[in-house]
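Take the sequence shown: its letters are residues 2 to 312, numbered as in the working numbering.
These notes are about the structure you will find just below.
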Amino acid sequence: MNIIRKFKVLINSRKLFKNWLSAGIKYYLVKYGLIKDGINIRCNDREYILSSKAYSSIISNYYGGALKGIECREVIVTITDVGFDISFINDYVEFTYNDKNIRFKDSFEFLNDIIFENFIGGAYDDVDVIGKTVVDVGAGVGDTAILFSLRGAKKVIALEPYYSLYKKALTNIKINSIENNIILLNAGLGSFDGEVCAELNNVNNYILFRPGSRCDHMVRVYTLESLVKEFEIDNEAILKVDCEGCEYETILNTKPEVLRIFDQIVIEYHNGYAELKRVLENAGFKTAIKPIRSVVQPIEVQGYIIARLKA
2 MNIIRKFKVL INSRKLFKNW LSAGIKYYLV KYGLIKDGIN IRCNDREYIL SSKAYSSIIS
62 NYYGGALKGI ECREVIVTIT DVGFDISFIN DYVEFTYNDK NIRFKDSFEF LNDIIFENFI
122 GGAYDDVDVI GKTVVDVGAG VGDTAILFSL RGAKKVIALE PYYSLYKKAL TNIKINSIEN
182 NIILLNAGLG SFDGEVCAEL NNVNNYILFR PGSRCDHMVR VYTLESLVKE FEIDNEAILK
242 VDCEGCEYET ILNTKPEVLR IFDQIVIEYH NGYAELKRVL ENAGFKTAIK PIRSVVQPIE
302 VQGYIIARLK A
């Protein structure tokens, strides 16, 4: 089935590029290490060189319907999604959000989450971060920390346990010139407080962080309570959790009085919401459930639980 889908994606790319077949062949030669990276594509009378990740991101998202087409302008390829332009420049993807140009470096494999879920999709539009401290658990490549900063957060404390993603997040925060109010930690959240062994591996998809079999470096693991104490997080803060499963061991083992430090809590759950909902409501929150725009899982399995502390 995976091979069939790849073939369909390649065939569909003929609507984008004049040399779709040779570009597709070159992509797979690059992917399997037979030639150096760099995919030559022809659009109208212009020629561009895209990284294999950029090329793959364009044709995959076009096949999935997230991207509506391309426009060839000078030295960039612009992807248009109903009033939202995304430019691919070398190793960067650029777009405009709230009248500010945003750049992400080497983050093409996360394009669907970054743009179509968080920025365009409005995954966190229900959260009022203006003037507040935001704890961002599962920072990934830094996209949500950047989003919260742009939307007026006073401070963002962002945790990303995977070192490869943490490094990308550092770069993305820096190139968008918003380092002043973001504290980025190579750390995770869990049910215990301490350090664990981790590997310096590349992560090509968001997965639940677990201690590594090798001890390339140490990663700090916080409980929510220890994080609150160390960073002196005050009342009416915001908690965002998207950690591919650590939400259960974290939230279910946190004291109600610690949860109530947060005025709003938004959790992307990955294995049902019933237990999370029960704990949050017992702690004094009113909860609502909403689906994830870019996920085909039923809402009973995966979605967002949005909790607001009752007055």
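Note that beta-carbon positions come from the ideal geometry of N, C-alpha and C, so glycine has one too.
None of these values were measured; they are calculated from a predicted model.
For a test of the three-state rule: what should DSSP assign to residue i, helix, strand or coil?
i       : result
Tyr-270 : strand
Ala-170 : helix
Asp-114 : helix
Gly-189 : strand
Ala-124 : coil
Ser-88  : strand
Tyr-93  : strand
Lys-69  : coil
Gly-25  : helix
Thr-255 : coil
Ala-308 : strand
Val-142 : coil
Phe-232 : coil
Glu-200 : coil
Tyr-223 : strand
Lys-19  : coil
Asn-102 : strand
Lys-7   : helix
Ile-1   : Limits of the chain in this structure are 2 at one end and 312 at the other, which puts residue 1 out of reach.
Arg-47  : strand
Val-296 : coil
Val-280 : helix
Val-136 : strand
Phe-149 : helix
Pick out whichever of the options has its Cα sitting closest to the Cα of residue i.
i       : options                            : result
Arg-47  : Tyr-29, Leu-17, Asp-38             : Leu-17
Val-197 : Ser-178, Arg-294, Ala-308, Pro-162 : Pro-162
Leu-253 : His-271, Asp-144, Arg-279, Ser-14  : Arg-279
Pro-266 : Ile-306, Tyr-49, Val-302           : The sequence given here places Ile at residue 266; Pro does not occur at that position. Considering only alpha carbons, the answer is Ile-306.
Ile-293 : Ile-26, Glu-269, Lys-311, Phe-286  : Glu-269
Cys-44  : Arg-74, Tyr-167, Val-31            : Arg-74
Asp-127 : Val-220, Leu-30, Arg-152, Glu-95   : Arg-152
Ile-262 : Ala-312, Leu-166, Ser-165          : Ala-312
Lys-54  : Glu-72, Lys-32, Ile-71, Ala-67     : Lys-32
Leu-186 : Lys-156, Pro-212, Cys-216, Val-220 : Val-220
Phe-8   : Tyr-64, Gly-39, Ile-40, Asp-38     : Tyr-64
Would you decide whether residue i is buried or exposed? Buried here means 16 or more other CB atoms lie within 10 Å of its CB.
i       : result
Lys-241 : buried
Asp-309 : Looking at the sequence provided, one finds Arg at residue 309 rather than Asp. Counting Cβ neighbours within 10 Å, Arg-309 comes out buried, since at least 16 surround it.
Val-297 : exposed
Ala-188 : buried
Asn-202 : exposed
Asn-119 : buried
Asn-113 : buried
Thr-134 : buried
Ser-214 : exposed
Thr-145 : buried
Ile-115 : buried
Gly-191 : buried
Ala-67  : buried
His-271 : buried
Ile-40  : buried
Thr-97  : exposed
Leu-260 : buried
Leu-160 : buried
Pro-62  : The displayed chain sequence assigns Asn, not Pro, to residue 62. Per the 10 Å Cβ criterion, buried.
Cβ of residue i within 8 Å of Cβ of residue j?
i       : j       : result
Ile-60  : Val-10  : yes
Asp-86  : Ser-52  : no
Lys-106 : Ile-176 : yes
Ser-295 : Phe-149 : no
Asp-194 : Tyr-223 : yes
Gly-304 : Lys-291 : yes
Tyr-49  : Gly-141 : no
Ser-57  : Tyr-28  : yes
Ser-88  : Asn-173 : no
Leu-225 : Thr-255 : yes
Arg-104 : Glu-95  : yes
Ile-179 : Ile-131 : no
Asn-181 : Ala-154 : no
Ala-368 : Tyr-164 : This structure cannot settle anything about residue 368, because the visible part of the chain is limited to 2 through 312.
Ala-170 : Gly-143 : yes
Ile-80  : Ile-71  : yes
My guess is that residue i and residue j are in contact by the Cβ rule of under 8 Å, so how many angstroms apart are they, rounded?
i       : j       : result
Leu-228 : Glu-248 : About 14 Å separates the two Cβ atoms, so there is no contact after all.
Cys-244 : Gly-139 : 4 Å
Pro-257 : Ala-238 : So it is not a contact: roughly 16 Å between Cβ atoms.
Ile-158 : Phe-232 : 6 Å
Ile-234 : Val-302 : Incorrect: roughly 31 Å between the Cβ atoms, too far for contact.
Ala-24  : Ile-42  : 5 Å
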